[in-house]
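Numbering (my numbering), first residue to last: 9 to 431.
Printed below as a string of structure tokens:
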């Protein structure tokens, strides 16, 4: 066991300060790498046809990627506290590039499953980039900077569907994953040049950091609400995008991946809500932003249900969904980072693991609901989950609209050094 966290003794030097250029590199990297997890949602129908399997089989493979991503977060992200982040990012990007090539050349569903699980495990660079950016920021700017990185990440997620729809629709799903491998190689070079060698932020052993992550999940009361809201919101989001290709491929639309991509492009504007939401959260309004975001998500499913035969109405619902999710997620992360200090990376790991646990549930549940009750069932599922989150969020206020709980993990909620020791 090491001597404890040493962030205060190892603050970045002036040359290691956060610049606009580094924010841009980290934001682009976060978005492009995160996109790898979502191409399969848009190309689900084409992948099933190409491999000669059912859509539910490919849906299960997509869900397995999300689940293995959560495992990768727990096992690999803590390395960011004990290793040079630039070297770690380089290794992860190289591994991601190789695995993407494996997905592109998978001859059958079994190989695709193995490659997809490996992709989820190593595709964790965004969750190293985000705590790194926050670590380099002034406390007063953390919500804004987190919002900027989240804008890049969410834009990448949304554009992943547009890019997959265009490239996959025109050249096939294998070409899409091959292209992803190529630009991951470009990102590897860019990160090697832009990011500085970074010192470790703790003297803890790796195994103790992993164990402490679970301890923080249990002990940090201020993390529980963001975890609940994030779980529900991400379950809704992934459930919608997983079933949308099947909805558009049938009557009355009868459209392919390109249509999914164009609708996703319209929704990209939703990612622009993240920096604004982060700034409002920095002003102490994080819970209000979360509540408004969840209400927008719930409202979006009313619009989506009404747009059963109109692409225009469907696109409007997507904008509401993406704006609501971007706002709620940015506010959640601001609450986590507000006073987390050196535990920020581990708390963020817990939060994102919760997101993807919700995503796995949302993907599988939405596909099952789609097969039994169609689009109406999917919209009812999404609306009910988002409404449940909004109802829970209202309990963060009294009847006069004031906060009844603090806006994030407080130092008193963190395990003490004695409590943190895991022997």
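Cβ coordinates follow ideal geometry from the N, Cα and C atoms, glycine included. Treat the numbers as computed from the prediction; the structure is a model and nothing was measured.
Problem - Distance between residue 235 and residue 360 (C-alpha atoms, nearest Å) - result: 8 Å
Handout entry: Buried versus exposed call for residue 28 [16 or more other C-beta atoms within 10 Å across all chains shown]
Key = exposed
Problem - C-alpha distance - residue 41 paired with residue 137, whole-angstrom precision - result: 11 Å
Practice task
Along the alpha helix (DSSP H) that carries residue 134, what are the first and last residues, could you check?
Solution key: 134-143
Exercise for the section: Count the other CB atoms, across all protein chains shown, that sit within 10 Å of the CB of residue 175; report buried if there are 16 or more and exposed otherwise. Expected result: buried
Problem - Cβ distance (whole Å) where residue 228 is taken to contact residue 355 below 8 Å - result: 7 Å
Problem - For residue 113 and residue 157, the rounded distance between their alpha carbons - result: 32 Å
Practice task
Specify whether the stretch 129-148 and the stretch 83-94 touch according to this definition: at least 3 beta carbon pairs, one from each stretch, less than 8 Å apart.
Solution key: yes
Practice task
State the Cα-Cα distance for the pair residue 13 and residue 365, rounded to the nearest angstrom.
Solution key: For residue 13, the predicted model reports a pLDDT of 44, less than 50, meaning its position is unreliable and no value from the coordinates is stated.
Practice task
Identify whether residue 263 lies in helix, strand or coil by the three-state DSSP scheme.
Solution key: coil
Handout entry: Under the three-state DSSP convention, the category residue 205 falls into
Key = coil
Practice task
Return helix, strand or coil for residue 212, following the three-state DSSP convention.
Solution key: coil
Problem - Distance CB(residue 238)-CB(residue 363) smaller than 8 Å - result: yes
Handout entry: Secondary structure of residue 180, DSSP reduced to three states
Key = coil
Exercise for the section: Please list the segments of the alpha helix (DSSP H) lying wholly inside the stretch 281-342, counting only runs of 4 or more residues, in order along the chain. Expected result: 281-288 and 294-314
Handout entry: Unbroken alpha helix (DSSP H) run spanning residue 41, endpoints
Key = 28-43
Handout entry: 8 Å contact criterion, which residue 131 and residue 47 should meet: CB distance rounded
Key = That pair is no contact at about 11 Å.
Problem - Residue-chain proximity (residue 332, chain B), Cβ-Cβ < 8 Å - result: No chain B appears in this structure, which consists of one protein chain only.
Handout entry: Cβ pair count under 8 Å reaching 3, the stretch 397-405 against the stretch 102-121
Key = no
Practice task
Identify which residue in 243, 230, 390 and 301 has its Cα closest to the Cα of residue 346.
Solution key: 230
Exercise for the section: In the DSSP assignment, find the alpha helix (DSSP H) that holds residue 253 and state where it starts and stops. Expected result: 232-257
Exercise for the section: Would you kindly work out how many angstroms separate the C-alpha atoms of residue 122 and residue 284, rounded to a whole number? Expected result: 39 Å
Handout entry: Assigned secondary structure, residue 116 (DSSP; H/G/I helix, E/B strand, else coil)
Key = coil
Handout entry: Inter-residue spacing [alpha-carbon to alpha-carbon] between residue 266 and residue 142
Key = 36 Å
Practice task
Determine contact between the stretch 286-300 and the stretch 191-204, defined as no fewer than three beta-carbon pairs at a distance below 8 Å.
Solution key: no
Exercise for the section: Just the C-alpha distance for residue 222 and residue 342, rounded to the nearest angstrom, thanks. Expected result: 21 Å
Practice task
Label residue 220 either buried or exposed according to how many other C-beta atoms from any shown protein chain fall within 10 Å of its C-beta, with 16 as the threshold for buried.
Solution key: buried
Exercise for the section: Please state whether DSSP places residue 147 in a helix, a strand or coil. Expected result: helix
Problem - residue 63 burial status per 10 Å Cβ neighbour count (16 or more: buried) - result: buried
Practice task
Tell me whether residue 226 is buried or exposed, calling it buried when 16 or more other Cβ atoms sit within 10 Å of its Cβ.
Solution key: exposed
Problem - Own chain residues within Cβ distance below 7 Å of residue 314, not counting five before or after - result: 321
Practice task
Could you check how far apart the C-beta atoms of residue 390 and residue 244 are, in whole angstroms? I think they sit under 8 Å.
Solution key: 4 Å
Practice task
Pick helix, strand or coil for residue 87, following the three-state DSSP scheme.
Solution key: helix
Handout entry: Other residues of its chain near residue 33: CB distance less than 8 Å, five sequence neighbours each side excluded
Key = 198, 199, 202 and 203
Handout entry: Beta-carbon gap between residue 181 and residue 49 smaller than 8 Å
Key = no
Handout entry: Spatial distance of residue 470 from residue 177 (CA atoms)
Key = As displayed, the chain neither begins before 9 nor continues past 431, which places residue 470 out of reach and without an answer.
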